[in-house]
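Sequence order for the protein chains is A and B.
Quick note: the first sequence uses the working numbering, first residue 1, plus one each step.
Quick note: the second sequence uses the working numbering, first residue 213, plus one each step.
Positions of the beta carbon are idealized from the N, C-alpha and C atoms, including for glycine.
It should be emphasised that the depicted structure is a prediction, and the values quoted were computed from it without experimental measurement.
The structure appears below as structure tokens.
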Amino acid sequence: MPEIMNTVGIWLGAFFTFAIFSFLYKDNPFYKLAEQIFVGLSAGYGLIYIIYAALIPNLFHKLATDFSGNLILLIPFVLGLMMITRMVPKFQWMSRYPLSIVIGTSAAISLLRFLKSDLIAQVAATMINPFETKVPSEIVGKLMIIIGTICGVYFFYFSKKQEGIAKIPSKIGVYFLMVSFGATFGYTVMARISLLIGRLEFLLKDWLHIIK
Amino acid sequence: MKRNIPLILAFLAGLLMIASEFIPHRPFSNMVETLEDWFMIIAGFSIVLGLASLLQMNYQKISTKAENWGYHLSCVIAFALIVIMGALWGMEDQPGLLGQGEKIVSWLGKKPFDYTYDNALVPLSATMFSLLAFFIASAAYRAFIIRTFESNLLMISAVIVILGRTGFGTMLTSWIPESYRIWQLPVLADFIMEYPNTAAQRAILISASLGIIGSSLRIILGIERSYLGGDK
Numbered sequence: 001m002p003e004i005m006n007t008v009g010i011w012l013g014a015f016f017t018f019a020i021f022s023f024l025y026k027d028n029p030f031y032k033l034a035e036q037i038f039v040g041l042s043a044g045y046g047l048i049y050i051i052y053a054a055l056i057p058n059l060f061h062k063l064a065t066d067f068s069g070n071l072i073l074l075i076p077f078v079l080g081l082m083m084i085t086r087m088v089p090k091f092q093w094m095s096r097y098p099l100s101i102v103i104g105t106s107a108a109i110s111l112l113r114f115l116k117s118d119l120i121a122q123v124a125a126t127m128i129n130p131f132e133t134k135v136p137s138e139i140v141g142k143l144m145i146i147i148g149t150i151c152g153v154y155f156f157y158f159s160k161k162q163e164g165i166a167k168i169p170s171k172i173g174v175y176f177l178m179v180s181f182g183a184t185f186g187y188t189v190m191a192r193i194s195l196l197i198g199r200l201e202f203l204l205k206d207w208l209h210i211i212k
Numbered sequence: 213m214k215r216n217i218p219l220i221l222a223f224l225a226g227l228l229m230i231a232s233e234f235i236p237h238r239p240f241s242n243m244v245e246t247l248e249d250w251f252m253i254i255a256g257f258s259i260v261l262g263l264a265s266l267l268q269m270n271y272q273k274i275s276t277k278a279e280n281w282g283y284h285l286s287c288v289i290a291f292a293l294i295v296i297m298g299a300l301w302g303m304e305d306q307p308g309l310l311g312q313g314e315k316i317v318s319w320l321g322k323k324p325f326d327y328t329y330d331n332a333l334v335p336l337s338a339t340m341f342s343l344l345a346f347f348i349a350s351a352a353y354r355a356f357i358i359r360t361f362e363s364n365l366l367m368i369s370a371v372i373v374i375l376g377r378t379g380f381g382t383m384l385t386s387w388i389p390e391s392y393r394i395w396q397l398p399v400l401a402d403f404i405m406e407y408p409n410t411a412a413q414r415a416i417l418i419s420a421s422l423g424i425i426g427s428s429l430r431i432i433l434g435i436e437r438s439y440l441g442g443d444k
């Protein structure tokens with residue numbers, strides 16, 4: 001029986017693959033159906049995943065095994081329930097309490113994380129000596145990192161109008177950003193093409209058995 | 213009062229997290245651990261809230277028989293189906309309300325939730341994102357026809373990176389002698405990724421982090437309070 005159900009699963013996957021690809025021709029009922037099923041399944045998957053990965057191990061399991069020892073967990077539980085009151089206009093204000101804790105905590109977490117990894121670490125990594133190597137391409141590359149980073153940051157400085165001579169570093173920053181966006185675009189294209197190849201492989205190998 | 217207490221709570225939660233970074237001793241370290249656990253639990257409930265809102269929106273469209281209401285019904289059915297399967301028989305090695313569901317696993321080959329994930333959700337998401345490969349091609353064409361120096365830079369670096377990561381790119385420039393190997397497409401692609409790309413990404417990271425630090429401080433200090441909503 002599992003073999004038959006496996007075949008049914010492959011046919012289901014093939015149907016959904018064609019239904020989504022049919023959008024390349026034009027918007028049609030098959031695409032609309034597959035799109036809505038995708039939304040429904042993703043939302044359901046997210047809910048079940050959160051229950052099993054976060055709520056059960058962190059809350060329900062602890063309360064069920066040692067209720068008196070984990071009484072403090074009733075606070076986030078009640079705050080979580082208060083969060084749901086946002087759906088009832090009359091009691092909407094109650095959701096502000098849990099929301100403020102979530103927002104305050106996540107603001108502090110992101111402040112510390114970005115301060116350490118994205119500000120201090122990145123500035124420190126830019127403080128390099130480009131002439132410590134004898135390889136010309138590396139010297140050019142390291143100079144590019146220093147100039148590109150400084151000019152790029154300068155481009156994002158909006159407090160003062162950039163005109164005249166002050167416009168030059170901003171312009172250099174834009175050139176570096178464009179090269180980077182191009183490289184990122186190239187990488188995205190490659191990633192999407194590999195996904196497309198994956199789907200074609202599924203159709204030709206798993207579904208039709210044309211290739212081995 | 214309905215606004216001041218949440219502002220104080222946000223300030224205290226933020227202050228505790230920041231203080232623990234500089235004072236990694238008790239009671240701060242314990243309090244932060246507790247607060248992080250609470251954060252996970254409350255965030256879990258907030259996702260439930262988001263999904264409830266999605267269902268509410270779909271319910272409105274179905275009940276008023278709005279245009280394409282049938283498709284919204286399929287969304288709700290798909291949602292209900294996967295939630296029921298996950299709740300009854302669990303996911304992966306997690307048991308559900310009916311345990312591990314050995315009987316249904318022997319019939320399907322895996323748990324119904326995992327079966328639906330593998331045979332419906334994975335093909336749907338992979339195909340949906342692979343569809344972008346076609347639209348990216350048309351976006352590239354649009355960028356090409358804007359003839360400015362910046363757009364040319366963008367397209368040239370994109371083409372070098374794409375070709376440099378394929379066997380075709382290697383084949384095209386393999387005749388270039390070793391002393392000029394920097395002009396071989398794979399080496400050039402690596403150079404772009406390692407130096408100009410790093411410089412620009414670093415500039416973005418530094419600038420964005422400054423912005424995030426500023427807005428986080430505004431939230432903790434109660435200057436930014438739009439998340440509290442209206443005055444009701």
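>> Using beta carbons (cut-off 8 Å, strictly below), is Glu390(B) in contact with chain A?
In response: Translated into the one-based positions of the second sequence, residue 390(B) becomes position 178. Interface annotation, Glu390(B): not in contact with chain A, CB-CB separation never under 8 Å.
>> With a threshold of 8 Å between beta carbons, is Leu336(B) in contact with chain A?
In response: Taking the first residue of the second sequence as position 1, residue 336(B) is located at position 124. Taking 8 Å as the threshold, the shortest C-beta distance from Leu336(B) to chain A falls below it.
> Considering only residues of the stretch 83 to 137 of chain A, which uninterrupted alpha helix (DSSP H) runs meet the minimum length of 4 residues and lie entirely inside it, listed in chain order?
Replying inline: Listed in chain order, they are 96 to 113, 121 to 126.
> Given Thr382(B), which residues of its chain have a CB within under 6 Å of its CB, disregarding the five upstream and five downstream residues?
Replying inline: On the second sequence, residue 382(B) is found 170 positions in, with the first residue counted as 1. The beta carbon of Thr382(B) is closer than 6 Å to those of Pro398 in its chain, skipping five residues each way along the sequence.
> Do you know whose CA, among Ala34(A), Met94(A), Ile50(A), Gly40(A), lies nearest Met269(B)'s CA?
Replying inline: On the second sequence, residue 269(B) is found 57 positions in, with the first residue counted as 1. Taking only the C-alpha atoms, the option nearest Met269(B) is Gly40(A).
> Excluding five sequence neighbours on each side, which residues of the same chain lie with their C-beta closer than 7 Å to the C-beta of Asp305(B)?
Replying inline: Against the second sequence, residue 305(B) aligns to sequence position 93. Closer than 7 Å at the Cβ level, and outside the excluded window around Asp305(B), lies no residue.
> Helix, strand or coil for Gly441(B) per DSSP?
Replying inline: On the second sequence, residue 441(B) is found 229 positions in, with the first residue counted as 1. Here Gly441(B) sits in coil by DSSP.
> Got a sec: is the Cβ-Cβ distance from Arg207(A) to anything in chain B below 8 Å?
Replying inline: In the first sequence, residue 207(A) corresponds to position 207, counting from 1. The question names Arg, but residue 207(A) in the sequence shown is Trp. Interface residue (Cβ-Cβ distance to chain B less than 8 Å): Trp207(A) is not classified as such.
>> Among the candidates Leu384(B), Leu261(B), Pro307(B), Ala290(B), whose CA atom is the shortest distance from the CA of Val88(A)?
In response: What you label residue 88(A) is simply residue 88 of the first sequence in a count that begins at 1. Nearest C-alpha to Val88(A): Leu261(B).
>> Is there a Cβ of chain A sitting closer than 8 Å to that of Met303(B), yes or no?
In response: As a position in the second sequence, residue 303(B) is number 91, starting the count at 1. Interface with chain A (8 Å Cβ-Cβ cutoff): Met303(B) is included.
>> When you compare the CB positions of Ile146(A) and Ala345(B), do they come within less than 8 Å of one another, or not?
In response: To locate residue 146(A), count along the first sequence from 1; it is residue 146. To locate residue 345(B), count along the second sequence from 1; it is residue 133. Between Ile146(A) and Ala345(B), the CB-CB gap reaches or exceeds 8 Å.
> What residues from the stretch 373 to 389 of chain B come within 7 Å of chain A, judged by C-beta to C-beta, listed N to C?
Replying inline: Correct list: Val373, Ile374, Arg377.
>> Below 8 Å on C-beta distance, what does Ser137(A) contact in chain B?
In response: Translated into positions along the first sequence, residue 137(A) becomes position 137. Correct list: Ile394, Phe403.
>> Looking at the secondary structure, which residues open and close the alpha helix (DSSP H) in which Leu261(B) lies?
In response: Numbered from 1 along the second sequence, position 49 holds the residue referred to as residue 261(B). The continuous alpha helix (DSSP H) containing Leu261(B) extends over residues 240 to 275.
> Hey, is Pro408(B)'s beta-carbon within less than 8 Å of any beta-carbon in chain A?
Replying inline: Against the second sequence, residue 408(B) aligns to sequence position 196. Pro408(B) counts as touching chain A.
>> Between the alpha carbons of Leu375(B) and Phe341(B), how many angstroms are there, rounded?
In response: Along the second sequence, one-based indexing puts residue 375(B) at 163. Along the second sequence, one-based indexing puts residue 341(B) at 129. When rounded, the separation of the alpha-carbon atoms in Leu375(B) and Phe341(B) is 22 Å.
>> Suppose the cutoff is 8 Å on Cβ atoms and the five residues either side in sequence are ignored; what does the same chain contact list for Glu243(B) look like?
In response: Here the question's residue 243(B) lines up with position 31 in the second sequence. Sequence check: residue 243(B) is Met here, not Glu. Short of 8 Å from the beta carbon of Met243(B), and not among the five residues preceding or following it, lie these beta carbons of its own chain, in chain order: Leu228, Ser232.
> Applying the criterion that 16 or more other CB atoms from any shown protein chain within 10 Å of the CB defines a buried residue, is His237(B) buried or exposed?
Replying inline: The residue given as residue 237(B) occupies position 25 in the second sequence. Using a 10 angstroms sphere on the CB of His237(B), the tally of other CB atoms stays under 16, which defines it as exposed.
> Between Pro2(A) and chain D, is there a C-beta pair that is closer than 8 Å?
Replying inline: Absent from the structure: chain D. Protein chains present are A and B.
> DSSP state of Gly311(B), grouped into three classes?
Replying inline: Taking the second sequence and counting its residues from 1, the one referred to as residue 311(B) is at position 99. Judged by DSSP in its simplified three-state form, Gly311(B) adopts strand.
> Which of the three DSSP states, helix, strand or coil, is assigned to Gly434(B)?
Replying inline: For the purposes of this step, residue 434(B) is identified with residue 222 of the second sequence, where counting begins at 1. Residue state, collapsed to three classes: coil.
> If you check the beta carbons only, do Ile101(A) and Leu79(A) fall under 8 Å apart?
Replying inline: As a first step, residue 101(A) must be located in the first sequence, where it is residue number 101. As a first step, residue 79(A) must be located in the first sequence, where it is residue number 79. In terms of Cβ geometry, Ile101(A) and Leu79(A) form a close pair [threshold 8 Å].
> What does Lys32(A) touch in chain B if you count any residue whose Cβ is under 7 Å from its own?
Replying inline: Counting from one through the first sequence, the residue named residue 32(A) turns up at place 32. Close partners of Lys32(A) in chain B (Cβ separation under 7 Å): Asn280, Tyr283.
> So what's Asp66(A) in DSSP terms, helix, strand or just coil?
Replying inline: Position 66 of the first sequence, counted from the start, is the residue given in the question as residue 66(A). It is coil, neither helix nor strand.
>> Closest to Ala415(B) by C-alpha separation, out of Glu163(A), Thr149(A), Pro76(A), Tyr187(A), would be which residue?
In response: Locating residue 415(B) in the second sequence gives position 203, where the first residue counts as 1. Ranking the options by Cα distance to Ala415(B), first place goes to Thr149(A).
> If the cut is a Cβ gap below 9 Å, which residues of chain B does Met127(A) touch?
Replying inline: Within the first sequence, the letter at position 127 stands for residue 127(A). Ordered by position in chain B, no residue passes the 9 Å Cβ test against Met127(A), which lies about 12 Å from the chain.
>> Going by beta-carbon coordinates alone, are Ile37(A) and Ala278(B) separated by less than 8 Å?
In response: Numbered from 1 along the first sequence, position 37 holds the residue referred to as residue 37(A). Numbered from 1 along the second sequence, position 66 holds the residue referred to as residue 278(B). At a Cβ-Cβ threshold of 8 Å, Ile37(A) and Ala278(B) do not count as neighbours.
> Between which two residues does the alpha helix (DSSP H) harbouring His284(B) extend?
Replying inline: Taking the first residue of the second sequence as 1, we reach residue 284(B) at position 72. Start and end: 281 to 301.
>> If I measure Cβ to Cβ from Phe176(A) and keep anything under 6 Å in the same chain, skipping five residues before and after, which residues do I get?
In response: Translated into the one-based positions of the first sequence, residue 176(A) becomes position 176. Gly148, Gly152.
> According to the Cβ coordinates, are Lys90(A) and Leu73(A) closer than 8 Å?
Replying inline: One-based indexing of the first sequence puts residue 90(A) at position 90. One-based indexing of the first sequence puts residue 73(A) at position 73. Contact: no.
> Cβ atoms of Gly104(A) and Ala225(B): under 8 Å apart, would you say?
Replying inline: Within the second sequence, the letter at position 13 stands for residue 225(B). Within the first sequence, the letter at position 104 stands for residue 104(A). The beta carbons of Ala225(B) and Gly104(A) sit closer together than 8 Å.
>> Against Leu417(B), what residues of chain A qualify as contacts under a CB-to-CB distance less than 7 Å, listed in chain order?
In response: The residue given as residue 417(B) occupies position 205 in the second sequence. Per Cβ cutoff of 7 Å: Asp118, Gln122.
> For Ala370(B), which of helix, strand or coil comes out of DSSP?
Replying inline: Sequence index remark: in the second sequence, residue 370(B) carries index 158 (1-based). Residue state, collapsed to three classes: helix.
> When you compare only the Cα positions, how much space is there between Ala351(B) and Glu362(B)?
Replying inline: Translated into positions along the second sequence, residue 351(B) becomes position 139. Translated into positions along the second sequence, residue 362(B) becomes position 150. If I take the Cα positions, the gap works out to 16 Å.
> Roughly how many angstroms lie between the CA atoms of Tyr97(A) and Val317(B), to the nearest whole one?
Replying inline: Residue 97(A) sits at position 97 when you count from the first residue of the first sequence. Residue 317(B) sits at position 105 when you count from the first residue of the second sequence. Rounded to whole angstroms, Tyr97(A) and Val317(B) show a C-alpha spacing of 43 Å.
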